[in-house]
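**Q** The structure is given below, and queries will be raised subsequently.
In this note's numbering, the protein residues as written are 65 to 472.
Written as structure tokens, this is what we have:
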């Protein structure tokens with residue numbers, strides 16, 4: 065059986081409640097009433113290094129087919145061929161569910177994007193993308209944590225991570241709700257006992273140095289009541305696949321307009337060293353089918369609320385341009401990012417992929433990084449979340465608005 069988790073200090077509050085054996089119960093009739101209609105950012109992290117070349121396929125480049133004789137996606141017009149987007153790039157047909165969003169100009173794709181650091185370590189690269197402090201192994205706070213700390217709010221549920229533990233991207237912000245699913249989040253109390261528990265928190269955290277822990281515990285109670293209220297009033301809507309329940313949970317909170325600003329979903333299984341496949345067999349096609357269907361269902365489920373949502377899909381680095389001897393690919397460098405949202409100026413493949421001939425590849429083997437992921441995220445934060453200046457989110461990096469891609 066899995067158990068929900070949230071920020072370290074909020075966990076103290078949960079322990080107090082769990083020991084008393086209390087049941088979930090909403091405490092305020094207004095908990096699920098509309099709060100703001102504010103923009104929401106959902107980050108989807110593909111852990112394991114997704115193969116960007118087989119996601120957004122450079123089908124017009126003959127080198128692509130030379131480098132990948134057994135795993136290349138067939139050209140447009142062929143059986144199980146790539147879905148052409150602009151004459152040069154195409155979408156893997158297993159992501160066909162997203163073509164409608166691309167045609168509606170609600171999906172933009174960025175190629176040759178990533179971290180400029182040359183590491184091919186999953187752990188290092190993931191850390192750099194989550195802290196935004198590339199090359200700094202001592203960074204302990206995440207770029208989303210910095211964002212939330214820069215924008216104080218009294219809302220109880222500003223940040224959600226559907227994960228077994230707090231992602232590094234949210235570290236530095238104490239009040240994120242981190243749980244493996246909303247239904248498993250079982251904080252809450254009977255209404256008549258809440259004043260007693262509130263006094264209990266005050267006694268438990270009597271020392272001055274523990275005031276933050278007290279506040280976090282009370283915020284956890286508020287988040288519990290909010291989640292309980294939303295779930296109790298939830299109406300049947302679009303049906304999600306079993307693997308896409310995280311997306312369903314995020315959509316539930318967005319539609320309820322409870323003040324959610326950021327959400328984080330981890331999706332594992334992208335480290336395709338062997339038996340990667342292209343469209344019909346292998347690990348990658350299955351992963352892409354699930355991802356495409358999840359995103360398309362999420363878009364349909366939100367309805368009008370999709371207008372204020374932006375989804376960013378990213379991975380720690382790409383994979384080698386050339387397939388390996390086991391029908392897969394190895395750790396690479398540049399990759400792709402997907403940007404999906406109601407206000408995205410999409411219908412375009414952005415970024416600069418110079419070609420796949422050896423002279424264009426990073427270290428002669430990988431897609432180069434010609435767009436820094438921090439420039440993409442800075443544009444997201446400034447243009448979508450209306451942060452005046454995103455410089456503080458990415459320590460040591462000089463943002464230049466001239467490098468912006470203009471996707472929003």
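Note that the Cβ used here is the ideal one computed from N, Cα and C, for glycine as well.
Considering residue 414, what are the terminal residues of the beta strand (DSSP E) in which it resides?
**A** 412-414
**Q** Would you identify the three-state DSSP class for residue 383, choosing helix, strand or coil?
**A** strand
**Q** Report the rounded CA-to-CA distance for residue 104 versus residue 311, giving the unit in angstroms.
**A** 13 Å
**Q** Alpha carbon to alpha carbon, how far is residue 421 from residue 127?
**A** 6 Å
**Q** Taking the DSSP output, what are the residues bridged to residue 110?
**A** The partner list for residue 110 (beta bridge, DSSP) reads 331, 379.
**Q** Would you say residue 191 reaches chain B, if we count a Cβ-Cβ gap shorter than 9 Å as a contact?
**A** This model lacks chain B altogether, as it is built from one protein chain only.
**Q** To the nearest whole angstrom, what separates the beta carbons of residue 177 and residue 437, a pair I think is in contact under 8 Å?
**A** 6 Å
**Q** Less than 8 Å between the CB atoms is what I'm expecting for residue 221 and residue 323, so what's the real figure, rounded?
**A** 6 Å between Cβ atoms; contact.
**Q** Quick one: any contact between the stretch 382-401 and the stretch 334-349, if contact means 3 or more CB pairs under 8 Å?
**A** Yes, the stretch 382-401 is in contact with the stretch 334-349.
**Q** Closest to residue 181 by CA distance: which of 189, 174, 314 is it?
**A** 189
**Q** Output yes or no for whether 9 Å exceeds the beta carbon distance between residue 419 and residue 125.
**A** Closer than 9 Å, so yes.
**Q** Measure how close the beta-carbons of residue 153 and residue 120 come, nearest whole angstrom, since I'm counting them as under 8 Å.
**A** 5 Å
**Q** Relative to the C-alpha of residue 232, which residue among 107, 439, 355, 319 is closest?
**A** Nearest option by C-alpha distance: 107.
**Q** Hey, how far is the Cα of residue 385 from the Cα of residue 448?
**A** 33 Å
**Q** Give me whichever residues DSSP pairs with residue 374 in a beta bridge.
**A** Answer by DSSP bridge pairing, in chain order: 105, 405.
**Q** Compare the Cα-Cα distances from residue 208 to each of 410, 225, 304, 406 and report the closest residue.
**A** 225
**Q** Bridge partners for residue 126 per DSSP, in chain order?
**A** The partner list for residue 126 (beta bridge, DSSP) is empty, contrary to what the question assumes.
**Q** What would DSSP say about residue 431, mapped onto helix, strand or coil?
**A** coil
**Q** Cutting at 6 Å between CB atoms, please list the residues of its own chain near residue 299, excluding the five before and the five after it.
**A** none
**Q** Can you name, in chain order, every residue of its own chain whose Cβ lies under 8 Å from the Cβ of residue 163, other than the five neighbours on each side?
**A** Answer for residue 163: 147, 155, listed in chain order.
**Q** Pick out the complete beta strand (DSSP E) segments inside the stretch 125-193, 3 residues or longer, and give them in chain order.
**A** 171-178
**Q** With DSSP collapsed to three states, give me the class of residue 426.
**A** When DSSP states are grouped into helix, strand and coil, residue 426 belongs to the strand group.
**Q** Grab me the residues of residue 102's own chain with a C-beta within less than 8 Å of its C-beta, minus the 5 sequence neighbours each way, in chain order.
**A** The answer, listed in chain order, is 323, 325, 372.
**Q** From the DSSP secondary-structure annotation, give me the bridge partner or partners of residue 121.
**A** 154
**Q** What residues are listed by DSSP as bridge partners for residue 399?
**A** 177
**Q** Determine the closest residue to residue 316 out of 365, 229, 131, with distance taken between C-alpha atoms.
**A** 365
**Q** Within 10 Å of its beta-carbon, does residue 286 have 16 or more other beta-carbons around it, so buried, or fewer, so exposed?
**A** buried
**Q** Go ahead and pull the three-state DSSP assignment for residue 242.
**A** strand
**Q** Which residue from 362, 338, 399, 205 puts its Cα closest to that of residue 378?
**A** Comparing Cα positions, the closest option is 399.
**Q** Are there 16 or more other CB atoms within 10 angstroms of the CB of residue 179, so buried, or fewer, so exposed?
**A** buried
**Q** Measuring alpha carbon to alpha carbon, tell me which residue in 341, 335, 327 is nearest residue 212.
**A** Considering only alpha carbons, the answer is 327.
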